[in-house]
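Asks: Supplied in structure tokens, the structure appears directly below.
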Ligand SMILES: Cc1cc2nc3c(=O)[nH]c(=O)nc-3n(C[C@H](O)[C@H](O)[C@H](O)COP(=O)(O)OP(=O)(O)OC[C@H]3O[C@@H](n4cnc5c(N)ncnc54)[C@H](O)[C@@H]3O)c2cc1C
Ligand SMILES: Cc1ncc(C[n+]2csc(CCOP(=O)(O)OP(=O)(O)O)c2C)c(N)n1
Ligand code: SF4
Ligand code: SF4
Ligand code: SF4
Ligand SMILES: [Mg+2]
């Protein structure tokens, strides 16, 4: 293998598993250390720079970082990365003096943002400090998009939402709410320099089953019903509620039903329990509120008597898998199962819909009626129109919308300055030794053995009575500290200098997880099998040195390195050093 | 400075026949200087014992005084240990071994502990062919007392202080051969590929097995004028050949050309395979071993690898015809066989 090029920032970036997995590449270990140091405001700002909505995301993020956390490769549970973000948000001081200044003299460029969800707000936050004049249009009465209409208040209190949405809206944006944009052409005709479409995936999918028509008054589309609850048009639901679907929307529907008068609330899902789309923690939360999940039940028909919904019939199925692992649901042949219901919520998915975008504006649509959007620049085939968030590639989540927003802002800025949108600014990196003394580091290199701490919940007696009472109480400061100490500091990199190494093996002998091997070079496949411990995790790189005096090379399997610094402590010649590698995705104007 | 080793280990560590991973053979985190050769030898001992599937409670590690003699704390944390008096490890092992022959005795010593204050004990334990592994972590100096030249420092070699040593060096392998040791090997802390099979072979050997391991003292004797530095040893080490250890239950599958390799069955049924052996050395012939050792010494090279092994070794227990069972397994009827037996013995002495 060739020696690893550690000058390429992507190499060490990938070692920081959580940051790498985060769509917005939030410098996770950096903010976790700041939390441990009780520097909550600093921790908050690190987040705010990267993901714009730390308080919101600290409660609601889909957290792709957590399954990626290195800790799951050496123990059961990842660091509670997401809930630590909330600790920063809960304990920060006033941040108004840390927000970017908005130039009073504008740069003469006008940008329209359609939709005021997280994607558009992120674009606005990127462009407003650069002097852009920004008009934002949304059909809801306030900003936030689905964070406001869909995510229930018991998961995300309105005050938290308002605070973070307002940081952006207060950047001198010209926001028009309660306005439906019916024609993109009209917007383009206003001679904007660029238009960003951040309208999400607003259409709920339904099931057209026998009996639907008669049952209609008591059958609701999940996302419409949630919005109607959030906007206080709907104030109650029947005692017996069936929620169809196995994703996070279904979980929000059933939990909201429990708070709106539902007593016998059931989730019924076609797939096996383990294959439901909902996050495990959402399923746990639903279960703890006394909501059973019936899996392997396929909805068949609505049962209506005397013009009134009585319940539904379901067919029991079993999952079968062919050789490629493809699933088919095969009926078991048992009798149909009847479940009583006063109301049914259909939470089986959402889709995009762009009836308001004329098809002759130069924006190409594919066969699924989705706009053709560049995955890097977020530009459509009309160079003036950009897409991001759920509107670009279908429903995802907030952090993805934010990541799109950053990149779209970079593109819009390049485009408005007449530059090539494909010439992306490189990431901003900073690498510095953590050595303080002979064997002393400026980071907490000891590895905590603590198991993951659970976030305390408010009692059901309170939360089920009022849909606005937040369920999670958040970590207190002490528990937050202990949880923060579980972080392995994966951004403090092991950096090897072959010119210093005397091949004494001290690092090999001390390494608790057998990461380091000195051996003859070979192909990657071959090397992976003859290291101190087998390197079977192919998603993790091998770090290879140049040839050493004995003509061997140093090979480090990054897989389960604990970043404990013991190799560097035991190295007599400082051939190993522990260096903090801070990686920040370039934002607009960089 | 970290005083604690993290608890986490590699999830795919191989397990041995007893179901243990290498981690079960580790000891406390080392307090020796960073880069000390002794730590690598500890690592090699951990590997050898794990790979041989030795039950940790069947091992006793004994030592004298010195950095090297501290090392047993840093390996085999689940085994018995005895950190004795300077130079006196051999007598403590002798006592222990006579009392319980079922244990593996792993003596660890330094060049000071062995070649200076412990020279007399070393000579006699070798000569008695006590069944033990005797590892010298040889750095040519008294590391623990800040690096004074030891009796194994080569004439002319200089430690960090800078004065060339004026005395001639004791060659521990040569001395052991002279004294009647039945297994003599030399290795280098920085060469685990050679050291691990040698430790395994020494463990399988019945009788006194010396491994003199050159082990640089990074703090006091790893400078350019020292003949016990990493660099010097790497440049001047010459192996007698390569050695492979094949545990008893492993079927021999590899084919190799006759004449290029030599296979030897050890008393416990395992075997060692010697490859690419130096033509001039017959490691089963003491005279040949003495000659080759001397040739290398005079040409300024360090001979490593298996130097001598006596295939007909009879250890102290066999020679003394001691009880087959450990003393702690003998009950009252064994120890007091009764009046009739006493009369027989007395009669035999008349
Ligand atoms: C029930 C539910 C729960 C969810 N929970 C989570 C969660 O816990 N965590 C998470 O990360 N994600 C969650 N999501 C997903 C998340 O809300 C979205 O992925 C995210 O909000 C998408 O952001 P966006 O900016 O692309 O669009 P949106 O947030 O959808 O915002 C688009 C905005 O544009 C408006 N709009 C649309 N069309 C027009 C038009 N023609 N004219 C004017 N305005 C228009 C919409 O009303 C909306 O205000 C959830 C989704 C649902 C349905
Ligand atoms: C009876 C006695 N004499 C002298 C000493 C002082 N002393 C401690 S360690 C040591 C030499 C150790 O040298 P070596 O065995 O080579 O071990 P190293 O530290 O080099 O590994 C001496 C002389 C002592 N502890 N006890
Ligand atoms: S920091 Fe060094 S010693 Fe610690 S686990 Fe990583 S490679 Fe091993
Ligand atoms: S401890 Fe340092 S000098 Fe020794 S092998 Fe490791 S990197 Fe090289
Ligand atoms: S003084 Fe020398 S022998 Fe002792 S621990 Fe330090 S390096 Fe090893
Ligand atoms: Mg010594």
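Chains as they are written, first to last, in the numbering used here: chain A, 1 to 590; chain B, 1001 to 1350. From the three backbone atoms N, C-alpha and C, an ideal C-beta is built for every residue, glycine too.
When every heavy atom of ligand 2 is checked, does at least one fall within less than 7 angstroms of the C-beta of residue 1296 of chain B?
Replies: Result no, Cβ not under 7 angstroms from ligand 2.
Asks: Between residue 16 of chain A and the rest of its own chain, which residues show a CB-CB distance below 6 angstroms, the 5 nearest in sequence each way excluded?
Replies: 490 and 491, listed in sequence order.
Asks: Using a Cβ-Cβ cutoff of less than 6 angstroms, which residues in the same chain neighbour residue 560 of chain A once the five nearest sequence positions on both sides are dropped?
Replies: Closer than 6 angstroms at the Cβ level, and outside the excluded window around residue 560 of chain A, lie 73, 74 and 513.
Asks: Mind checking the region 73 to 98 of chain A against chain B and listing, in chain order, the residues whose C-beta falls within less than 9 angstroms of any C-beta there?
Replies: So the close ones are 73, 74 and 75.
Asks: For the beta strand (DSSP E) containing residue 431 of chain A, name the first residue and the last one.
Replies: Note, residue 431 of chain A: beta strand (DSSP E), 428 to 433.
Asks: I need the boundaries of the alpha helix (DSSP H) containing residue 41 of chain A, first residue and last residue.
Replies: Segment 40 to 51, the alpha helix (DSSP H) holding residue 41 of chain A.
Asks: Return yes when the Cβ of residue 1165 of chain B is within less than 8 angstroms of the Cβ of residue 1154 of chain B, no when it is not.
Replies: Yes, the Cβ-Cβ distance between residue 1154 of chain B and residue 1165 of chain B is below 8 angstroms.
Asks: Give a yes or no on whether 8 angstroms exceeds the smallest Cβ distance from residue 8 of chain A to chain B.
Replies: Output row for residue 8 of chain A: interface = no.
Asks: Quick one: is residue 233 of chain A buried, meaning 16 or more other Cβ sit within 10 Å of its Cβ, or exposed?
Replies: Exposed: under 16 other Cβ atoms inside 10 Å.
Asks: Starting from the N-terminal side, write out each stretch of the alpha helix (DSSP H) that is 4 residues or longer and does not extend beyond the region 1179 to 1228 of chain B.
Replies: Whole alpha helix (DSSP H) segments, 4+ residues: 1192 to 1204.
Asks: Let me confirm a value: residue 1014 of chain B is counted as buried when at least 16 other C-beta atoms fall within 10 Å, else exposed. Which label applies?
Replies: Answer is exposed; the Cβ neighbour count stays below 16.
Asks: Is the region 1058 to 1076 of chain B touching the region 1157 to 1173 of chain B in the sense that three or more CB pairs, one from each, lie closer than 8 angstroms?
Replies: Too few Cβ pairs lie closer than 8 angstroms, so no.
Asks: Between the Cα of residue 138 of chain A and those of A:55, A:178 and A:206, spot the shortest distance and give me the residue it belongs to.
Replies: Nearest C-alpha to residue 138 of chain A: A:178.
Asks: Do the region 1294 to 1314 of chain B and the region 1276 to 1285 of chain B touch if we need at least three Cβ pairs shorter than 8 angstroms?
Replies: In short, these stretches touch, since the Cβ pair count reaches three.
Asks: Within the present structure, is the beta-carbon of residue 139 of chain A separated from the nearest heavy atom of ligand 1 by less than 7 angstroms?
Replies: Yes - ligand 1 has a heavy atom lying nearer than 7 angstroms to the Cβ of residue 139 of chain A.
Asks: Please identify the residue among B:1199, B:1085 and B:1145 whose C-alpha is closest to the C-alpha of residue 1134 of chain B.
Replies: Ranking the options by Cα distance to residue 1134 of chain B, first place goes to B:1199.
Asks: Flag residue 1035 of chain B as yes when its Cβ comes closer than 7 angstroms to any non-hydrogen atom of ligand 3, and as no otherwise.
Replies: Not under cutoff, so the answer is no.
Asks: Using the Cβ count rule (16 or more neighbours within 10 Å means buried), how would you classify residue 379 of chain A?
Replies: That one is buried.
Asks: Does the distance from the CB of residue 1181 of chain B to the CB of residue 1208 of chain B come in under 8 angstroms?
Replies: Yes. Within cutoff.
Asks: Hey, would you say the C-beta of residue 391 of chain A is under 7 angstroms away from at least one heavy atom of ligand 8?
Replies: Among the ligands modelled here, namely ligand 1, ligand 2, ligand 3, ligand 4, ligand 5 and ligand 6, ligand 8 does not occur.
Asks: Taking only three categories from DSSP, how would you classify residue 1083 of chain B?
Replies: Strand, per DSSP.
Asks: State yes or no: is the C-beta of residue 1110 of chain B nearer than 7 angstroms to some heavy atom of ligand 6?
Replies: Yes.
Asks: Does at least one heavy atom of ligand 6 sit under 7 angstroms from the Cβ of residue 1107 of chain B?
Replies: No.
Asks: Tell me where the alpha helix (DSSP H) around residue 1089 of chain B begins and ends.
Replies: First-last of the alpha helix (DSSP H) with residue 1089 of chain B: 1089 to 1099.
Asks: Please list, in chain order, the residues of the region 491 to 504 of chain A that have any C-beta partner in chain B closer than 9 angstroms.
Replies: Within the region 491 to 504 of chain A, the qualifying residues are 502, 503 and 504.
Asks: If we ignore side chains and look at the alpha-carbon of each, how far apart do residue 306 of chain A and residue 70 of chain A end up?
Replies: About 59 angstroms.
Asks: Restricting to Cα atoms, I'd like to know which of A:78, A:110, A:120 and A:124 is closest to residue 100 of chain A.
Replies: With distances taken between Cα atoms, residue 100 of chain A lies closest to A:124.
Asks: List the residues of chain A that residue 1218 of chain B touches, going by C-beta distances under 9 angstroms, in chain order.
Replies: Neighbours of residue 1218 of chain B on chain A, chain order: 502, 504, 506, 572 and 573.
Asks: Using DSSP with H/G/I as helix, E/B as strand and the rest coil, what is residue 1109 of chain B?
Replies: Strand, per DSSP.
Asks: Considering only heavy atoms of ligand 5, does any lie closer than 7 angstroms to the CB of residue 1227 of chain B?
Replies: Not under cutoff, so the answer is no.
Asks: Scan the region 1050 to 1079 of chain B and note each continuous alpha helix (DSSP H) run of 4 residues or more that stays entirely inside, going in chain order.
Replies: Runs of the alpha helix (DSSP H) inside the region 1050 to 1079 of chain B: 1067 to 1070.
Asks: Taking 8 angstroms as the threshold, find out whether the region 418 to 425 of chain A comes into contact with the region 372 to 387 of chain A through three or more Cβ pairs.
Replies: Yes: the two stretches touch, three or more of their Cβ pairs being nearer than 8 angstroms.
Asks: Considering just the uninterrupted stretch of the beta strand (DSSP E) at residue 311 of chain A, what are its terminal residues?
Replies: It spans 308 to 321 - the beta strand (DSSP E) in which residue 311 of chain A sits, taken as one unbroken run.
Asks: Check the Cβ of residue 562 of chain A against every Cβ in chain B and list those closer than 8 angstroms, keeping chain order.
Replies: Those within 8 angstroms of residue 562 of chain A in chain B are 1006 and 1008.
Asks: Just checking: is the beta-carbon of residue 485 of chain A within a distance shorter than 8 angstroms of some beta-carbon in chain B?
Replies: It does not: the Cβ of residue 485 of chain A has no partner Cβ on chain B nearer than 8 angstroms.
Asks: Give me whichever residues DSSP pairs with residue 1142 of chain B in a beta bridge.
Replies: Residue 1142 of chain B pairs with B:1148.
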